[in-house]
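S.K.:
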Amino acid sequence: MEEKSSATSSVDNSNKDVKDEDNDKKTDLLETSRSYLQALQSVCKNLLLTSNGAISKEEIRSEVRDCTEQEILAMKFIMGKLQPYLPSKTASKPFISYLFAC
1 MEEKSSATSS VDNSNKDVKD EDNDKKTDLL ETSRSYLQAL QSVCKNLLLT SNGAISKEEI
61 RSEVRDCTEQ EILAMKFIMG KLQPYLPSKT ASKPFISYLF AC
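All letters in the sequence shown, in the order written, are residues 1 to 102 by the UniProt record's numbering.
1) In three-state terms, what does DSSP make of Ala39?
2) In chain order, what residues of the same chain lie with their CB nearer than 6 Å to the CB of Ile55, ignoring the 5 residues before and after it?
3) Along the alpha helix (DSSP H) that carries Arg65, what are the first and last residues, could you check?
4) Are the stretch 39-46 and the stretch 57-68 in contact at 8 Å, needing three or more beta carbon pairs?
5) According to DSSP, is Ile55 helix, strand or coil?
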């Protein structure tokens, strides 16, 4: 009976090791994804604040060379939706002054 329990405990230990490795891989993947998304976010922010109009695929490619076509289209879509909410670069007053005028 002790042989069964020792065999069972060794199997349980190996299962725990496999689960720990899987959790480590998932954590590494999440960290990699998170850092990549933060990099793409900073590229979007930089392009939005420095561009003077519509942002082209070439501008995105010049900032991020290892982007896939789907990522470029997603970034272009997101920036297109955010662009109308950016303050005008030629505005004479800061946006906050309009809030206090009401």
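Heads up, the beta-carbon is just placed ideally off N, CA and C, and yes, glycines get one too. All of these numbers come straight from a predicted model, not from anything done at the bench.
M.R.: Short version:
1) helix
2) In its chain, beyond the 5 residues on either side, Leu47, Met79 have a beta carbon closer than 6 Å to the beta carbon of Ile55.
3) That residue, Arg65, is in no alpha helix (DSSP H); it is neither H nor E in DSSP.
4) yes
5) coil
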